[in-house]
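Enquirer: Once you've had a glance at the structure underneath, I'll fire off some questions.
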Amino acid sequence: MCTIGNVFSKGNLGLSWNSFFKQCDLEDQTSFIEPEVMTNAAANIRYVAFTRNVDGKMPVWSGVNEYGVSFVAADSYLPKPPKPPVNVKKYTHADDVFDMYLGIITQFKNADDALPFVKEQYAGIFSTDKETDILLIGDADKSYFIEVRGKTFIAIKRTNSFFASTNHLRMIYGAVPYESNHSTYLRLARAELILQNNTSHSGIGQVLRDNYYGESVWSICRSKSITVPDEDPYYTQASVIFNIPQTQDAAKDVIIEYVINGNPLTPNIAKIWRPFSGASKIPLEYIGQGDL
């Protein structure tokens with residue numbers, strides 16, 4: 112369904128960044144909502160939540176706040192019995208999971224404080240091994256890659272290089288096997304290869320626009336033009352990069368690049384935005400171009 116990750120990199124003037132990214136792939140055409148700066152009055156935290164319209168509800172699929180706390184997430188697929196048709200079991204997130212996602216960016220000023228909250232929330236929401244999730248949270252100088260299945264919760268801390276994930280668990284056993292879902296494995300291999308060779312902001316752009324397997328469900332920049340019965344026809348409908356500077360006052364310089372209701376390979380539909388310093392949204396040819 113999605114490709115997510117983060118990259119620690121150096122930009123212009125030697126400034127260090129932690130950039131989080133997500134490719135949002137869905138099977139049904141979905142209306143993505145133009146993001147705005149909101150404020151949690153109780154915590155006095157400004158934040159940007161990226162949402163989409165699902166039957167009148169507005170679940171948040173990624174977000175960042177003025178302290179640089181960010182999250183991106185991906186569904187994790189499990190094997191499905193071979194009859195009826197061979198495919199994968201998809202767990203549909205409960206509303207409580209989306210509420211927890213929103214809590215990450217509305218309640219916390221650093222990822223270390225958010226991590227126990229995330230663990231506690233999953234423990235209250237998930238009850239069986241059929242319930243799984245993949246989540247990446249972080250701030251300017253760290254990220255936590257999280258896998259959850261039922262009551263099993265694993266988080267690994269990263270402070271350098273890059274990390275990427277698609278739609279299968281790696282640290283917790285029982286993920287959908289390759290023979291049941293080629294796409295999740297092929298997309299992960301491509302993302303890791305690209306970022307190994309280009310661990311930078313522009314490397315993220317390469318990942319999000321990568322169509323190595325053509326106009327198909329197996330490319331990171333996914334299309335449903337080419338698929339097979341074993342792969343559901345997911346296609347890319349939105350993409351985002353949250354660039355968090357490693358400065359004392361990240362709020363002035365958080366940079367968001369995004370494409371909604373479109374494909375990151377399409378030129379001139381992207382926008383770049385410094386939401387917490389008052390800058391307007393500026394048209395962009397492509398997200399993830401060059402150094403920051």
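For the sequence shown, our numbering gives the first residue as 112, with consecutive numbering after it.
The beta-carbon is built from N, C-alpha and C at its ideal position, and this holds for glycine as well.
1) Three-state secondary structure (DSSP) at G401?
2) My assumption, with CB atoms under 8 Å, is that I371 sits in contact with F143. Please give the rounded CB distance.
3) Give me the residue from R333, I398, I248 with the minimum Cα distance to N117.
4) So, under 8 Å CB-CB, V183 and M211 are touching, yes? Tell me the CB distance rounded to an integer number of Å.
5) Hey, out of E258, M282, S327, whose CA is closest to Y346's CA?
6) Could you give the distance in angstroms between the alpha-carbon of G325 and the alpha-carbon of K168?
7) Give me whichever residues DSSP pairs with N151 in a beta bridge.
8) Can you pull the DSSP bridge partners for K268?
9) Classify A286 as helix, strand or coil using the three-state DSSP reduction.
10) Only counting the same chain, and skipping five residues up and downstream in sequence, which positions put a Cβ closer than 8 Å to that of T377?
11) Please classify E231: does DSSP put it in a helix, a strand, or coil?
12) From A153 to Q218, what does the alpha carbon distance come to, in whole angstroms?
13) Which residues in the same chain as V259 place their Cβ atom closer than 7 Å to its Cβ, once the five residues preceding and following it in sequence are excluded?
14) So, with DSSP's three-state summary, where would you put E368?
15) As a quick exercise: from D364, S130, N151, pick the residue whose alpha carbon is nearest that of F274.
16) How would you write the range of the alpha helix (DSSP H) that Y296 sits in, first residue to last?
17) Under 9 Å between C-beta atoms, does N221 make it to chain C?
18) Where does T141 sit, in a helix, a strand or coil, going by DSSP?
19) Which whole-angstrom value is the C-beta distance of W128 and N354, which I expect to be below 8 Å?
20) Which partner residues of T355 appear in the DSSP bridge assignment?
21) Leaving out five residues on either side along the sequence, give the residues of the same chain with a beta carbon under 8 Å from the beta carbon of D207.
22) Figure out for me which residue from E342, N221, L403, I305 has the closest Cα to the Cα of P288.
23) Determine which residues share a DSSP beta bridge with I331 and list them.
24) Report buried or exposed for I115, applying the criterion of at least 16 other Cβ atoms within 10 angstroms of its Cβ.
25) Alpha carbon to alpha carbon, how far is H312 from G122? Give it in angstroms, no decimals.
26) According to DSSP, simplified to helix, strand and coil, what is L376?
Expert: Checking against the coordinates, here is how it stands:
1) Working through the sequence shown from its first residue, we reach residue 401 at position 290. G401: coil per DSSP, three-state reduction.
2) Residue mapping note: residue 371 aligns to position 260 of the sequence shown, counting from 1. Residue mapping note: residue 143 aligns to position 32 of the sequence shown, counting from 1. Beta-carbon to beta-carbon, I371 and F143 are separated by about 4 Å, close enough to satisfy the 8 Å threshold.
3) The count along the sequence shown starts at 1 and reaches residue 117 at position 6. Ranked by how close their Cα comes to the Cα of N117, the residues R333, I398, I248 have I248 in first place.
4) By one-based count along the sequence shown, residue 183 stands at place 72. By one-based count along the sequence shown, residue 211 stands at place 100. Not really, about 14 Å apart at Cβ, beyond 8 Å.
5) Translated into positions along the sequence shown, residue 346 becomes position 235. Out of E258, M282, S327, S327 has the C-alpha closest to the C-alpha of Y346.
6) By one-based count along the sequence shown, residue 325 stands at place 214. By one-based count along the sequence shown, residue 168 stands at place 57. If I take the Cα positions, the gap works out to 33 Å.
7) Indexing the sequence shown from 1 puts residue 151 at position 40. N151 pairs with I156.
8) Residue mapping note: residue 268 aligns to position 157 of the sequence shown, counting from 1. Answer by DSSP bridge pairing, in chain order: Y255.
9) Position 175 of the sequence shown, counted from the start, is the residue given in the question as residue 286. Looking at A286 - three-state DSSP - the assignment turns out to be coil, as it is neither helix nor strand.
10) Along the sequence shown, read from residue 1 onward, the residue named residue 377 stands at position 266. Result list for T377: V370, in chain order.
11) Position 120 of the sequence shown, counted from the start, is the residue given in the question as residue 231. Residue state, collapsed to three classes: helix.
12) Taking the first residue of the sequence shown as position 1, residue 153 is located at position 42. Taking the first residue of the sequence shown as position 1, residue 218 is located at position 107. Near 9 Å, if we compare the C-alpha coordinates of Q218 and A153.
13) Position 148 of the sequence shown holds residue 259. Cβ neighbours of V259 beyond the five flanking positions: Y233, F237, T243, D244.
14) For the purposes of this step, residue 368 is taken as the residue at position 257 of the sequence shown. It is a strand residue.
15) The residue labelled residue 274 in the question sits at position 163 within the sequence shown. With distances taken between Cα atoms, F274 lies closest to S130.
16) The residue you call residue 296 lines up with position 185 of the sequence shown. First-last of the alpha helix (DSSP H) with Y296: 293-308.
17) Judged by its chain identifiers, the structure shown contains no chain C, having just a single protein chain.
18) For the purposes of this step, residue 141 is identified with residue 30 of the sequence shown, where counting begins at 1. It is coil, neither helix nor strand.
19) For the purposes of this step, residue 128 is taken as the residue at position 17 of the sequence shown. For the purposes of this step, residue 354 is taken as the residue at position 243 of the sequence shown. With 8 Å as the limit, W128 and N354 qualify as a contact, their Cβ atoms being about 5 Å apart.
20) By 1-based counting over the sequence shown, the position of residue 355 is 244. Note on residue identity: the sequence assigns Ile, not Thr, to residue 355. N129, per the DSSP bridge assignment.
21) The residue given as residue 207 occupies position 96 in the sequence shown. Take D207, set aside five residues on each side of it, and the residues of its chain with a beta-carbon closer than 8 Å to its own are Q232, G235, I236, in chain order.
22) As a working mapping, residue 288 is identified with position 177 in the sequence shown. When only C-alpha atoms are compared, the closest one is E342.
23) Looking up residue 331 in the sequence shown gives position 220. DSSP output for I331 lists no bridge partner at all.
24) To locate residue 115, count along the sequence shown from 1; it is residue 4. With 16 or more Cβ atoms within 10 Å of its Cβ, I115 is classed as buried.
25) As a working note, residue 122 is residue 11 in the sequence shown. As a working note, residue 312 is residue 201 in the sequence shown. Distance between the alpha carbons of G122 and H312 is about 8 Å.
26) Reading the sequence shown from its first residue, position 265 is the one you call residue 376. L376: coil per DSSP, three-state reduction.
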